[in-house]
């Protein structure tokens, strides 16, 4: 019974993975990737790891892929065009890598078989929430904490990148003396504070708006 | 008959799923009718009262009428995704019901069969519910995208943003209860609340968490005052503008099933699930009568939440989208985290129950 389920879900995972790579439409690729995640979660359940399965669905299928689909919908990404293949020389390398991967898998299978190790049965409690929690907060506390600091850094980094005041694009030209900047762009106070300030040159305007711009090509680095 | 035989066990589970499915579907029909009648009462109208006694057959008449409509697929739509979206919505909505215990473990008289009134009981039941709910976003988001209609797309985008934002607050608000009970198994969480003659409900310990959950749950189900994905004054009908006939019906059902499952989660986690105060004393633990009383109590609590939903719809105006986002991220999230810190401190000092 569990063998049958494994074949079903493994087939689903592999099929979805192939579909993900082969699809030209990015949204179809994203949907196929969700299929892969859900099939993998089902395999985790049959391997007596329900916690990993639930987390897989919540984090990957439920959170990350929603964001991916959100971005695809927001940008309205068109179907990818067929371009001339510039990276054709990588095909032999890919075949070689695949061969190494298959050989590794075969070696692992062989060595497990040869060692005669017994897999934990479906009644094992290794994959249950309690044992995972105990291990995370005792034996693996340091890696766990480091990971959380890493995630925090990623969040702070994303915030600081998004917060940069790039109001003018690098190709924008401002007519000197003509532009009037709203005060709240320069000094962020209230939305109602719209005191106009006058600038003489593009550089001055760019400087006030916090944009890294230099009109004189010789002064550019 | 040996109930531990795997084939008999599988058969019993299929029977249980069928019963639960039919119950939920009837509850959906009842909620649709109740919503129309109660709203009409609140707005000084009469509401549907012609089909059957007091209008009880109105949902079934509507069902037949909607089924008979032409099943349209827009010409420029992405056909496969367009057909897939309502299925995802309704399947993920109904998958959650298997973990909710409708009643306690009972023993049938004469036959001496003992079984719990729950379909599936496993270690990560609460995470399963959250996972299934989070996959449900795709139904709405993909429907909005595949319709190739600007109103649908806006509705889909809004709902995706809204559900991601409020899922966080929803999940964080549940952690207080998990910290107290020390398990993710919903059946065990309900059993732990049967102290004090069946009135040791988690809401006594976690009132803040309960309020946060209730708000986030209303936003998760896209109901008033958080119904921006289908704001009819702005977006026609939002993500299901292009859907007709049975596909519209699936979305409609999914919304009401979501309401019911969210109410079930609120009941099981905060209001003691099937626990009815003093029922154990009056009828004795594990008897059939006790089971019936508990199931009725469980459904009474669900109906209370459904009434609350309708009541809110009759009372509150809709949020603006930036208000919605500010409220979710800048109010609900910090308060939920504060609640977690408080609960964790108390549990650490007092020791878990």
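Protein chains in written order, with the working numbering: chain A, 501 to 721; chain B, 163 to 515. Don't be surprised by glycine CBs; every beta carbon is placed ideally from N, CA and C.
query: DSSP beta-bridge partners for residue 439(B)?
result: Within the second chain, the letter at position 277 stands for residue 439(B). Bridge partners of residue 439(B) according to DSSP: none are assigned.
field: Euclidean distance between Cα positions of residue 462(B) and residue 299(B)
entry: As a position in the second chain, residue 462(B) is number 300, starting the count at 1. As a position in the second chain, residue 299(B) is number 137, starting the count at 1. When rounded, the distance between both Cα atoms is 29 Å.
- request: Closer than 7 Å by beta-carbon distance: list the chain B residues that pair up with residue 550(A), in chain order.
  value: If you number the first chain from 1, residue 550(A) lands on position 50. Residues of chain B passing the Cβ test: 284, 285, 286.
task: Flag this pair as yes or no: are the beta carbons of residue 354(B) and residue 361(B) separated by less than 8 Å?
output: Mapped onto the second chain, residue 354(B) falls at position 192. Mapped onto the second chain, residue 361(B) falls at position 199. For residue 354(B) and residue 361(B), no; Cβs fall outside 8 Å.
message: Tell me the residue span of the alpha helix (DSSP H) that contains residue 602(A).
response: Counting from 1 along the first chain, the entry for residue 602(A) is found at position 102. From DSSP, the alpha helix (DSSP H) with residue 602(A) extends over 590–615.
- prompt: Rounded to a whole number of angstroms, what is the C-alpha to C-alpha distance between residue 509(B) and residue 358(B)?
  reply: Mapped onto the second chain, residue 509(B) falls at position 347. Mapped onto the second chain, residue 358(B) falls at position 196. Taking the straight line joining both Cα atoms gives about 20 Å.
field: Per DSSP, the bridge partner or partners of residue 496(B)
entry: For the purposes of this step, residue 496(B) is identified with residue 334 of the second chain, where counting begins at 1. According to DSSP, which records beta bridges pairwise, residue 496(B) is partnered with nothing at all.
message: Buried or exposed for residue 389(B), going by 16 or more other Cβ atoms inside 10 Å?
response: Here residue 389(B) is taken as the residue at index 227 of the second chain, counted from 1. Label assigned to residue 389(B): buried.
- request: Could you spell out the range, first to last residue, of the beta strand (DSSP E) harbouring residue 276(B)?
  value: In the second chain, counting from the first residue as 1, residue 276(B) sits at position 114. First-last of the beta strand (DSSP E) with residue 276(B): 276–278.
- request: With a floor of 4 residues, list each alpha helix (DSSP H) that falls wholly inside the segment 166–242 of chain B, ordered by position along the chain.
  value: Runs of the alpha helix (DSSP H) inside the segment 166–242 of chain B: 168–204, 220–230.
- prompt: Along chain A, which residues have their Cβ under 9 Å away from the Cβ of residue 239(B)?
  reply: Here residue 239(B) refers to the residue found at position 77 of the second chain. Simply none; closest approach about 13 Å.
Helix, strand or coil at residue 269(B) according to DSSP, with G and I counted as helix: Position 107 of the second chain, counting from 1, holds the residue named residue 269(B). Strand.
message: I need the DSSP call for residue 677(A), collapsed to helix, strand or coil.
response: For this step, residue 677(A) is matched to residue 177 along the first chain. Reliability of the predicted coordinates at residue 677(A) is poor, the pLDDT of 47 falling under 50, and no value is obtained from them.
query: Got a sec? Which residues, its chain only, sit under 7 Å from residue 486(B) by beta carbon, not counting five neighbours each side?
result: On the second chain, position 324 is the one that residue 486(B) refers to. These residues qualify, in order along the chain: 324, 388, 390.
Given residue 204(B) as reference, the closest of 502(B), 495(B), 496(B), 472(B) once Cα atoms are compared: Residue numbering aside, residue 204(B) sits at position 42 when the second chain is read from its first letter. Nearest of 502(B), 495(B), 496(B), 472(B) to residue 204(B), Cα basis: 472(B).
Anticipated Cβ contact below 8 Å, residue 378(B) with residue 331(B), distance rounded: Numbered from 1 along the second chain, position 216 holds the residue referred to as residue 378(B). Numbered from 1 along the second chain, position 169 holds the residue referred to as residue 331(B). 4 Å between Cβ atoms; contact.
message: If the criterion is Cβ atoms closer than 8 Å, does the pair residue 179(B) and residue 281(B) meet it?
response: In the second chain, the residue the question calls residue 179(B) occupies position 17. In the second chain, the residue the question calls residue 281(B) occupies position 119. Yes, the pair counts as a contact, with Cβ atoms nearer than the cut-off.
field: N- and C-terminal bounds of the alpha helix (DSSP H) containing residue 328(B)
entry: One-based indexing of the second chain puts residue 328(B) at position 166. Its alpha helix (DSSP H) spans residues 312–343.
field: Buried versus exposed call for residue 606(A) [16 or more other C-beta atoms within 10 Å across all chains shown]
entry: The residue given as residue 606(A) occupies position 106 in the first chain. Residue 606(A) is exposed by the Cβ-count criterion.
field: Straight-line gap, residue 489(B) to residue 500(B) (C-alpha atoms, nearest Å)
entry: Taking the first residue of the second chain as 1, we reach residue 489(B) at position 327. Taking the first residue of the second chain as 1, we reach residue 500(B) at position 338. Each residue's Cα considered, the two are about 16 Å apart.
query: Does the beta carbon of residue 293(B) sit closer than 8 Å to a beta carbon anywhere in chain A?
result: For the purposes of this step, residue 293(B) is identified with residue 131 of the second chain, where counting begins at 1. Chain A, which has a Cβ nearer than 8 Å to the Cβ of residue 293(B), makes this yes.
query: Buried or exposed: which applies to residue 296(B), given that a residue is buried once 16 or more other Cβ atoms fall within 10 Å of its Cβ?
result: Taking the first residue of the second chain as position 1, residue 296(B) is located at position 134. With 16 or more Cβ atoms within 10 Å of its Cβ, residue 296(B) is classed as buried.
- prompt: When you compare only the Cα positions, how much space is there between residue 262(B) and residue 568(A)?
  reply: Against the second chain, residue 262(B) aligns to sequence position 100. Against the first chain, residue 568(A) aligns to sequence position 68. Their backbone Cα atoms lie some 32 Å apart in a straight line.
query: Short check: CB of residue 243(B) to CB of residue 308(B), under 8 Å?
result: Here residue 243(B) corresponds to residue number 81 of the second chain, with the count starting at 1. Here residue 308(B) corresponds to residue number 146 of the second chain, with the count starting at 1. For residue 243(B) and residue 308(B), yes; Cβs fall inside 8 Å.
Supposed contact pair residue 502(B) and residue 338(B) - C-beta distance, whole angstroms, cut 8 Å: Counting from 1 along the second chain, the entry for residue 338(B) is found at position 176. Counting from 1 along the second chain, the entry for residue 502(B) is found at position 340. Going by Cβ atoms, the distance from residue 338(B) to residue 502(B) rounds to 6 Å, so yes, they are a contact pair.
field: Collapsed DSSP secondary structure at residue 639(A) in the structure displayed
entry: For the purposes of this step, residue 639(A) is taken as the residue at position 139 of the first chain. The answer is coil: DSSP assigns residue 639(A) none of H, G, I, E or B.
Rounded straight-line distance, which links the Cα of residue 266(B) to that of residue 651(A): Counting from 1 along the first chain, the entry for residue 651(A) is found at position 151. Counting from 1 along the second chain, the entry for residue 266(B) is found at position 104. The alpha-carbon atoms of residue 651(A) and residue 266(B) are separated by roughly 42 Å.
- prompt: Could you check where the alpha helix (DSSP H) with residue 550(A) kicks off and where it finishes?
  reply: In the first chain, counting from the first residue as 1, residue 550(A) sits at position 50. Residues 550–555.
field: 4 or more residues per run - each alpha helix (DSSP H) lying fully within the segment 393–441 of chain B
entry: Secondary structure remark: continuous alpha helix (DSSP H) runs of at least 4 residues inside the segment 393–441 of chain B, in chain order: 394–397, 407–432.
message: Judging by CA-CA distance, which residue of 437(B), 392(B), 273(B) is the nearest neighbour of residue 457(B)?
response: One-based indexing of the second chain puts residue 457(B) at position 295. Per the Cα distances, 437(B).
message: Using a Cβ-Cβ distance cut-off of 8 Å, determine whether residue 626(A) contacts chain B.
response: Sequence index remark: in the first chain, residue 626(A) carries index 126 (1-based). Not an interface residue.
- prompt: Helix or strand or just coil, what does DSSP make of residue 368(B)?
  reply: Walking along the second chain from the start, residue 368(B) turns up at place 206. Correct three-state label for residue 368(B): coil.
message: Would you say residue 562(A) lies against chain B (beta-carbon separation less than 8 Å)?
response: Translated into positions along the first chain, residue 562(A) becomes position 62. Yes, contact with chain B.
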